[in-house]
Structure formats: structure tokens, C-alpha cells
Amino acid sequence: MNGVHDMGGMDGFGPVVREVGEPVFHADWEGRLYGIVGGLLGGVGVNIDEFRHAVERIPPARYLASSYYERWLAALETLLVEHGVATREELRASFAKFGADAGIDAASIARAVQTKGPAPLKEAGDAKAPRARFAKGDRVRARNLNPPGHTRLPRFVRGRSGVVARDWGVFVFADTNAHHAGKKPQHCYSVAFDARELWGKPARTRERIYIDLWEDYLEPIESKSKSKPRRKAQARKKSVRRPS
Amino acid sequence: MSGDHHNTEESGPAARVKAIEELLASKGLIDPATVDAIVDTYENKVGPRNGARVVAKAWTDPAYRRRLLADATAAVRELGYAGPEGGHLVAVENTARVHNLVVCTLCSCYPWPVLGLPPVWYKSFAYRSRAVSDPRGVMKDFGLELAPEVEVRVWDSSAEIRYLVIPERPAGTDRMSEAELAELVTRDSMVGVAKVAPPKRAAR
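Chains A and B are the protein sequences, given in the same order.
Going by the working numbering, the residue at position 4 of the first sequence is 7; the numbering climbs one at a time, nothing skipped.
Going by the working numbering, the residue at position 95 of the second sequence is 146; the numbering climbs one at a time, nothing skipped.
Okay, here's the thing in C-alpha cells:
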């Protein structure tokens, strides 16, 4: 989804400011929340891509007004309800008991954006690790994709050309995994983009942005050396990596 | 609208998190002791000292440096560091000609096992937005000015790879031990917004 979370290249947020002291957690609740999310989600069938998408589905104005852990809290509440871990009524009753303000309502978050949360789809049987379509040195273009659901293809790179710098091997595809629509394992590449390609002439020449992009995000620009990458790809026998 | 304030109101997130923790505990879905352990781990055990040890070892042990650059996940595990957000680590090395900077524009992905949880500035909208479009400007916010001829490489952690910058070893440290060197290595230098400063004590 083209959400406000996809903020690479945006202006107006001001200078980067360091805080004094830099505590790991700024209040007990941040630590408790971190522990709850870490200790719970995998066990109730929520994967990391789905969690990230739940953060992205927070309405933009609220996203920008919330701290990092406030966004985590909103995502957790959304997922607890969507996965049937707790009902809205149970959550409300518990909030009332502890004197919590009305605040974010999990269901309203889920409804506030058109994109749906996880559908209880059966995961398609995972195909075997596929061959790499691209190899180091290949020129590629990031596709102009605008999926309504989760994606890790930043807007600032869509339609732009770069060069494959590394093939990281086969990874679970975030776009489908976030929606429980299959793991769709495929190669993920580090693609180097020249700053001028992304930001135009005023950008520096000696700057490159390396972005990790799944194969489905990429299309070839030219296929000078088709045979060589194929040979390399066949030699590769990596097992499918799962998001940690 | 900075997104990096911290809400400590009793009726706000604090109460909601308490309510959720109790509800989930009553359902037997979480054990508060497990939550305690996770909090303790990231407040007291996992942090940038881990990464500093990795860097110092890479500075002093050429074979280790090669292993780290070839497979950082395995090399980091040699020192006993592993865990969430550390399944696919990659080390990128700064030199006199190349400077690396790490960001996650889409959320705040970060190599937890070697650096701990990210600082507020790493998660800030200012950093996430500008690190890719104005990396030298972001470095200036940290007081770091690179020579124009230095190539800047920005790594956007958009998939499951997590990056650790190996900063340049400062001059005047030839006689320092690995442990002493580790003391010099800062978290910021392993994200790429700073260099490692030479030791403060006067060189003899």
C-alpha cells in the first residue's frame, strides 16, 4: 500500500536529533509491550510481515502523531482482534478495568483503510526454491507496482534502474506472506541505484542507494548475458530462508 | 508530529498495555516472566557492546575479518550473538574511499543481536526520510563531514538482511588490545553516522 510509512525521500521532518541518555525503553509500558509482542505473536500465527503491515494500516495522520511503540500497540490491538485472540469486548472490558482511555480502537483501525488484514487463506504449498532470474551486474528496473496490500518495494525506487549488486538467495516473499497468501519463495537481491537516478541531477555522483528487492519487484533492462546467470543459478542450492 | 515523543500518561498506552498483558496472561497466552526476561535481555544484555566486540575482532584478526565479510551471520555467532533480526546479517566495511550508512525507510529494521534495539533517532521520520535522499546532510546532523571524493553507500534494510557497518580503525591504535579497541567503537559508527574517534589519552 502507498502509505505514509513509505517515507524514503520525503522532506520536511527536519534535522535528525539525538536524545540525551538514550534509554532502551522510555517507560515501563514500552518494554512490556516489546516483550508481549516478541513473546506472543509467533505463537498465535502472526508473522513479521503481517505485523509490519498492521503498523502500515494505521491511518496516516495517526501514524505520524504516534511514537514507535504507540504504533506497535495499535498493530498489536488490531492483530489480537483479527486473529480472534481476544474479542473487542474483552479488550474494552480489560481497558476499562485498568482505566485506559478510549484511545485507539482496534476494529476502527482495521476498517479505516481499504486494505484487508490477513484473510484466513490456506497457504499455497511452498514451491521449491526457484532459480535466480538475475545475477550480479545485471541491469534491472524496479517495476511500477502499487499493490493495495503489504509491499517492501519503496515508492522512491519504482520505475528506476539499477544494477544487481548481490544475490542474497531465496527468501519468503513479504507481499504474500503478510496476507497468508503463500510464502512464494524467491531470490532477493541487493540492487544498487545511483543517487542521480533516484533524485535527479542535483544529487551527488558518488552516492549509491542499495535496496533489497525480491525478484517479483524487478524486470530486466537488457539481456546481454543470458546464459551466464542461468549457469550460476543452477549451481545454487539454497534452502528457503524464513523471516526471523 | 515528530513521532518520537514518549507517552507516559497513566491512562494512555501504559494502562492499555497493562490491560492487554493481564488479558493475555489470563488466557494463558503469555507468561509475565517471559516478558520480564525479554525486557531484561534488551535492557541489559544485548546492545552495541556486542557489535563493538565484533568490530574490534575484525580489526585485529584478518581471518575473522574475512569470515565476517563473507558471512556475517556465522561470524557473529562465533562470538555467541544471535537472535531475532539477526538471521541474515551482512557486514559492510568503511575505508578511506567508501563510507556506508544503514537505514530502514519503511519501518525501523536494525541488527538487534549486535546493536540492541535502535535509538529513537534511527526510528525517527527525519532519519528514515532523508538518509536515502541526503545521506551527507544526515551525517552532518551528527557532526560528520565526509570529503567529496568519498563514495557514500546507503543500505536500505527493505527485506530481511540486517547490516552492520565495520568502521575504519582510527590511527594511533596499533598497540591497543582487542578489548581496548572494543571500548572505542560506538553504536553510531556501526550504523554509519559517525567515525570511530582516536583514543582520548595522549599518544606517547
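Where is the CB? At the ideal position from N, CA and C, for every residue including glycine.
Treat the numbers as computed from the prediction; the structure is a model and nothing was measured.
Where the alpha helix (DSSP H) through residue i begins and ends
| i | result |
| --- | --- |
| Asn101/B | 99-111 |
| Val189/B | 186-192 |
| Arg65/A | 63-68 |
| Tyr132/B | Premise fails: Tyr132/B is in no alpha helix (DSSP H) and is neither H nor E. |
| Tyr161/B | Here Tyr161/B belongs to no alpha helix (DSSP H), and DSSP marks it neither H nor E. |
Residue i: contacting residues in chain A (beta-carbon distance under 8 angstroms)
| i | result |
| --- | --- |
| Pro250/B | In chain order: nothing, as chain A lies at least about 22 angstroms away. |
| Val174/B | Note that residue 174/B is Lys in the sequence shown here, rather than Val. Ordered by position in chain A, the residues that pass the 8 angstroms Cβ test against Lys174/B are Tyr71. |
| Thr46/B | The question about residue 46/B has no answer here: the residues shown for chain B are numbered 52 through 255. |
Residue range of the beta strand (DSSP E) that includes residue i
| i | result |
| --- | --- |
| Phe98/A | Segment 91-100 is the alpha helix (DSSP H) holding Phe98/A; no beta strand (DSSP E) there. |
| Leu168/B | It is not in any beta strand (DSSP E) - Leu168/B carries neither H nor E in the DSSP assignment. |
| Ile217/B | 213-217 |
| Asn151/B | 149-154 |
| Asp215/A | 210-217 |
| Glu202/B | 202-207 |
Counterpart residues of residue i in DSSP-defined beta bridges
| i | result |
| --- | --- |
| Asp170/A | Tyr192/A |
| Arg144/A | Ser164/A, Glu222/A |
| Ala142/B | Leu215/B |
| Asp197/A | Arg211/A |
Euclidean distance between Cα positions of residue i and residue j
| i | j | result |
| --- | --- | --- |
| Arg169/A | Ser69/A | 36 angstroms |
| Gly24/A | Val244/B | 18 angstroms |
| Leu75/B | Val201/B | 52 angstroms |
| His183/A | His56/A | 12 angstroms |
| Thr118/A | Pro164/B | With a pLDDT of 40 at Thr118/A, under the threshold of 50, the modelled position of that residue is not reliable, and no figure is offered here. |
| Gly41/A | His86/A | 16 angstroms |
| Gly137/B | Ala210/B | 12 angstroms |
| Pro123/A | Ala248/B | Residue placement at Pro123/A is poorly supported in this model, since its pLDDT is 35, which falls under 50; the coordinates still yield a value, given next. Going from the Cα of Pro123/A to the Cα of Ala248/B covers about 53 angstroms. |
| Ala99/A | Lys69/B | 11 angstroms |
| Val153/B | Pro113/B | 24 angstroms |
| Ala198/B | Pro218/B | 16 angstroms |
| Arg117/B | His139/B | 17 angstroms |
| Arg134/A | His190/A | 8 angstroms |
| Asp104/A | Asp178/A | 34 angstroms |
| Ala125/B | Met4/A | 35 angstroms |
| Pro169/B | Ala65/B | 21 angstroms |
| Val19/A | Gly167/B | 20 angstroms |
Cross-chain neighbours of residue i in chain A, by beta carbon under 7 angstroms
| i | result |
| --- | --- |
| Thr146/B | By Cβ distance, chain A contributes nothing, its closest Cβ being about 13 angstroms from Thr146/B, past 7 angstroms. |
| Trp206/B | Tyr213 |
Where residue i meets chain B, residues with beta-carbon distance less than 8 angstroms
| i | result |
| --- | --- |
| Ile224/A | Ordered by position in chain B, no residue passes the 8 angstroms Cβ test against Ile224/A, which lies about 20 angstroms from the chain. |
| Asp197/A | Those within 8 angstroms of Asp197/A in chain B number zero; the least Cβ separation is about 11 angstroms. |
Among the options, the one whose alpha carbon lies nearest that of residue i
| i | options | result |
| --- | --- | --- |
| Tyr213/A | Ile224/A, Glu200/A, Asp219/A | Glu200/A |
| Val173/A | Leu216/A, Leu67/A, Glu53/A | Leu216/A |
| Lys246/B | Trp206/B, Glu196/B, Arg67/B, Arg213/B | Glu196/B |
| Ile51/A | Leu82/A, Tyr71/A, Gly165/A | Leu82/A |
| Ala147/B | Arg220/B, Lys174/B, Gly131/B | Arg220/B |
| Ser193/A | Arg211/A, Arg207/A, Ala181/A | Arg211/A |
Interface partners of residue i on chain B, CB under 7 angstroms
| i | result |
| --- | --- |
| His8/A | Leu157, Cys158 |
| Ala103/A | Ser62, Ala66, Arg67, Ala70 |
Residue i beta carbon near the ligand ADP (any heavy atom closer than 7 angstroms)
| i | result |
| --- | --- |
| Val84/A | For the structure depicted, the ligand ADP is absent and the ligand set is empty, with no information on it obtainable. |
Neighbour list for residue i in chain A, Cβ cutoff strictly below 9 angstroms
| i | result |
| --- | --- |
| Val189/B | Pro18, Val19 |
(request) Quick one: which residues of the stretch 61-76 of chain A get their C-beta closer than 9 angstroms to a C-beta of chain D? List them in chain order. (result) Absent here is chain D; the protein component of the structure consists of chains A and B.
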